[in-house]
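Sequence order for the protein chains is P and D. Residue numbering for the first sequence follows numbering that gives the first Met the number 0, beginning at 0 and increasing consecutively. Residue numbering for the second sequence follows numbering that gives the first Met the number 0, beginning at 0 and increasing consecutively. See below for the structure under consideration.
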Amino acid sequence: MTSLVQIRDLKVEATTDAGRRVEVIKGVSLDIAEGEVLALIGESGSGKTTIAMTIIGYARPGLRISGGEVRIDGTDMVTLPENKRAALRGAKVAYVPQSAAAAFNPAITIMDQVIEVTRIHKLMSPASARAKAIGLFKALSLPQPDSIGDRYPHEVSGGQLQRLAAAMALIGDPKVVIFDEPTTALDVTTQVEVLRAFKAVTAERCVACVYVSHDLAVVAQIADRIVVLKGGEIQESGTTREILERPQHPYTRELLAAFEPKTHARAPDGDDVGRHPLLLVEQLTAGYGPKQSGRPLVKAIEAINLSVKSGRNLGIIGESGCGKSTLARAIAGILPGYDGNITFNGRELGRNVRDRTRDQLRQIQIVFQHADTALNPAKSIEDILGRPLTFYHDMKGKARDARIDQLLDLVHLPKAVRRRLPGELSGGQKQRVNFARALAAEPMLILCDEITSALDAVVAAAVIDLLKELQRELGLSYLFISHDLSVVEAICDEIIVMYRGQKVEELTPASVNAPQHPYTQLLFSSVPKLDPTWLDTLRQGAEQVRTYC
Amino acid sequence: MTDVSAPSPSGRSAYRINLVGLVGLMVVLFWGVVAALAPHLIPHSVGEIVDTDYFGPMSRELWFGSDYLGRDMFSRIMVGARYTVGISVVALTLAGFTGIVLGMIAAVSGGWLDMILSRLLDALNSIPSKLFGLVVVAAVGSSIPVLIVTLSVIYTPGAYRFARALAVNVNTMDFMVVARIRGESIFYLIGAEILPNILGPVLADLGLRFVFIVLLLSGLSFLGLGVQPPYADWGALVRENIGGVPYGAPAVIFPSLAIASLTISVNLLIDNLPSKIRDRGAEA
């Protein structure tokens, strides 16, 4: 059998600021047969996207393909001149980006963008391209396939836009399509639909796919073969079943282990009797927009009640837009609620951050999702961690230095990172620094806003373990916000499910396996499982899907 | 382009500047030194008539020839550097400081303070700069403090707008939220959190603004409203020797060259500022 794509001994290198050469891809070889779905999986920085990009003959700025060959149907993309490569892109090989929202031009209608490929390559008349696009929209089970193309990108949802991006890629009948983390930015309930659509369409057209992802469970649903990458080298490759059932390489095992459902060792329920609630939120309501008779135009959260007991963790789960981050901001006082009470440690807290004392501010710390924006890129790690020490505890000089070392040690970072800037750390390291800064204040409660969402599975699991360890040592409480059920289950004693700004269900350890509310049931059933047949056998109530998706 | 690296003795961090930037830096430094040391370097006093002829040619005695009264051009340009560079730098510092601090405060506090500051400075910005200079100098008379204040008032709104636009972007970052809920004061927020993040573009903008100030000052002097005789900055030197143009006198060419060399090299420098080399792989 001759393969459609042949990559032989591919090497990609980058040149650093100081003129040093770094090999990013170190001699990778792989084959993709016609109609086969190959998944490239690995942590961030493992080179999976870089390899996928070489298939369209592209290396990101600063990178250079330094050796090897990438043949598609016999044509070597590496040596091909740029104008000939351009002729192949869209016609023979196509690309679906991670964020369709950023890839669509907001000023042009969707249809014009979808059929642009056929115009550039003069494949067919505009009328027949439109007809074909509508056929693709139907196949991708998009709503109102006849008219959706007339809309602008901001008029459709994220999941729909991702499917439209796939339509754009498929319109030129390519032989290979590269999907670069296409569902990473989507909610779990949306992800299910999008995956189904991708799977059906590519199978029907017998298109070979390269599916880049860090999520093994997603990949298990869609791929025939999996290639595991780390550090720019292939660690292991095999059929999906082989990889899932008989992983050989230690890294693959680690990846799989990160998916093992971790049950949080919960204290017996009776133990809670003596504990007083550390944080008590009653009827908290907050929103955005101009105020009309004291109430904001858009209500983001409505009448939320919750309590966090000291030394216990509360999880808040829901999809994007459900108001879970707003809730954290309202509790922290950044977005003052306009109704309701917040009681902390027995004393009432001002709703606005300005009405709180320095000590009250110190006791509640917040850790944000994106460590990239939560750490000042212009300040060294030392300065970032040192500021709360000086500010809250008036530490200077040696005492401060010693405490910084101690904090770095607490979050398992080497002392050498002290003088680095945040941009010089990896995603997981940055999140640890982000967390260490919260610890520096010596808080009683830490609000964790999606802190593992930007990390890949192995790193996220390590961060969760760290949180548990610190809780044991320092007696912290966490309010843990996430869209990822498995993460919340791993660390929380109680879980609150939110939908459209309201609390729909409160789950205790006893009831977590038998949710009552239909939305909770849908949410829980949408979490991908490692079983490759999960997607095909998944049956969700049609009524639930209609109501909540 | 050739890169010139200058590794520091510790070997931890090094700066790199390219050749164009280096040339710009050299010329700027040269004029800085000349401005600082002019009284000790000049061969003749600025008011002394040393040549019997006016608009004399370049000679061994008078390197840049003589001006319309037969004074030594070389000395007059050296001393003129003091006025041109000195007034511009002071005016720039004032304009930059007020503009940037106000801009960052407006961005961080938002609301009505931002509104008032922005509209006020927009109004100031809408007055044509040369006319504003003419009116002020005509009204209160020309002196060096008046020139400095006028120039800095003219260039404050631009610096304000620029700094505010940059600070607004930084203000939306999560680390600003973190600092706010820590309870930090506005001065910490603008000084420690925002400023380091906007410093690069702000410096580049200040460099550009310096050039505008030099040109406006030269323009005012050329119109006779700048530095008053017997002292003269470069603009004034061009004006008083304008009669030498038909004779191709060096007295009109050299001050023009001085203005051009300073403004062009400041531009070259700010477009090619030294960049720090950080290479974490090599460090470990």
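Virtual Cβ for every residue (Gly too), placed ideally from N, Cα, C. The structure presented is a predicted model; accordingly, all values stated were derived computationally and were not measured.
For residue i, which of helix, strand or coil comes out of DSSP?
i	result
P/Tyr337	coil
P/Pro289	strand
P/Tyr250	helix
P/Leu424	coil
P/Ser524	helix
P/Pro267	Note that P/Pro267 scores 49 on pLDDT, short of 50, meaning its location in the model is unreliable; the coordinates nonetheless yield the value given after this. Of the three classes helix, strand and coil, the one that applies to P/Pro267 here is coil, per DSSP.
P/Leu374	coil
P/Gln5	strand
D/Pro245	helix
D/Gly23	helix
P/Gln234	strand
P/Gln501	strand
D/Gln227	coil
D/Pro6	Interpretation of D/Pro6 is limited by its pLDDT of 44, a score under 50 that renders its predicted location unreliable; no figure is taken from the coordinates.
P/Glu241	helix
P/Leu79	coil
D/Ala283	Model confidence at D/Ala283 stands at a pLDDT of 37, short of 50, so the residue's coordinates are unreliable; what they give is reported in the following sentence. In this structure, D/Ala283 counts as coil in the three-state DSSP scheme.
P/Ser65	strand
P/Arg353	helix
P/Val511	coil
P/Asn312	strand
P/Glu555	It is not possible to answer for residue 555 of chain P, since the shown part of chain P is limited to 0 through 548.
P/Glu115	helix
P/Gly561	Summary: the structure shown does not reach residue 561 of chain P, with chain P confined to residues 0 through 548, and so no result is reported for it.
D/Ser151	helix
D/Glu239	helix
On the criterion of 16 or more Cβ atoms from any shown chain inside 10 Å, does residue i qualify as buried, or is it exposed?
i	result
P/Cys208	buried
P/His482	buried
P/Glu180	buried
P/Asp214	buried
P/Ile107	exposed
D/Lys275	exposed
P/Asp535	exposed
P/Glu472	exposed
P/Leu141	buried
D/Tyr246	exposed
D/Gly55	buried
P/Arg59	exposed
P/His205	Note on residue identity: the sequence assigns Cys, not His, to residue 205 of chain P. Exposed, since its Cβ has fewer than 16 Cβ neighbours within 10 Å.
Taking the continuous beta strand (DSSP E) assigned at residue i, which residues delimit it?
i	result
D/Ser257	Correcting the residue type first, residue 257 of chain D is Ala in the shown sequence and not Ser. Segment 249-270 is the alpha helix (DSSP H) holding D/Ala257; no beta strand (DSSP E) there.
D/Gly140	No beta strand (DSSP E) holds D/Gly140; DSSP gives it neither H nor E.
P/Glu203	It is not in any beta strand (DSSP E) - P/Glu203 instead sits in the alpha helix (DSSP H) that spans 187-204.
D/Gly182	Segment: none, D/Gly182 is in no beta strand (DSSP E) and carries neither H nor E.
P/Arg20	20-31
Provide the residue span of the alpha helix (DSSP H) that contains residue i, from first to last.
i	result
D/Val78	72-108
P/Phe390	380-392
P/Pro125	125-138
P/Pro413	First-last for P/Pro413: undefined, no H or E at that position.
D/Ser220	194-221
P/Val457	456-473
P/Gln161	157-169
D/Ala13	Premise fails: D/Ala13 lies in the beta strand (DSSP E), 13-17, not in any alpha helix (DSSP H).
Report whether the distance from the Cβ of residue i to the nearest heavy atom of the ligand FAD is below 8 Å.
i	result
P/Val526	Of ligands this structure carries none, so the ligand FAD is not represented either.
Handout entry: Interfacial residues, the stretch 352-373 of chain P to chain D, with Cβ spacing under 7 Å
Key = Val352, Arg357, Leu360, Ile365, Phe367, His369, Thr372, Ala373
Exercise for the section: Pull out every residue of the stretch 194-206 of chain D whose Cβ sits closer than 7 Å to any Cβ of chain P, in chain order. Expected result: Pro195, Asn196
Problem - Residues of the stretch 375-400 of chain P whose Cβ lies closer than 9 Å to any Cβ of chain D, in chain order - result: Asn375, Pro376, Ala377, Lys378, Asp382, Ile383, Arg386, Pro387, Phe390, Tyr391
Problem - the stretch 364-378 of chain P in contact with the stretch 164-177 of chain D per 3-pair CB rule at 8 Å - result: yes
Handout entry: Short-range partners of chain P found in the stretch 153-177 of chain D, where Cβ spacing is below 7 Å
Key = Met172, Asp173, Phe174, Val176, Val177
Exercise for the section: Mind the definition here: the stretch 252-272 of chain D touches the stretch 64-80 of chain D only if three or more C-beta pairs lie below 8 Å; say whether that holds. Expected result: yes
Practice task
May I ask you to verify whether the stretch 102-120 of chain D touches the stretch 227-234 of chain D, counting CB pairs closer than 8 Å and requiring at least 3?
Solution key: no
Problem - Contacting positions in the stretch 328-350 of chain P - beta carbon closer than 7 Å to chain D - result: Ala331, Gly332, Ile333
Handout entry: chain P contacts from the stretch 54-66 of chain D (Cβ-Cβ distance under 9 Å)
Key = none
Practice task
Kindly confirm or deny that the stretch 397-407 of chain P and the stretch 445-454 of chain P touch, where touching means at least three C-beta pairs closer than 8 Å.
Solution key: no
Practice task
Check whether the stretch 111-131 of chain P touches the stretch 74-90 of chain P, taking contact to mean three or more Cβ pairs, one atom from each stretch, closer than 8 Å.
Solution key: yes
Practice task
State whether the stretch 433-448 of chain P contacts the stretch 356-369 of chain P, with contact taken as three or more CB pairs (one from each stretch) at a distance under 8 Å.
Solution key: yes
Exercise for the section: Please confirm if the stretch 347-358 of chain P is in contact with the stretch 323-336 of chain P, defined as three or more CB-CB distances below 8 Å between the two stretches. Expected result: yes
Exercise for the section: Check whether the stretch 297-313 of chain P touches the stretch 277-288 of chain P, taking contact to mean three or more Cβ pairs, one atom from each stretch, closer than 8 Å. Expected result: yes
Practice task
Would you be able to state if there are at least three C-beta pairs under 8 Å between the stretch 221-230 of chain D and the stretch 183-199 of chain D?
Solution key: no
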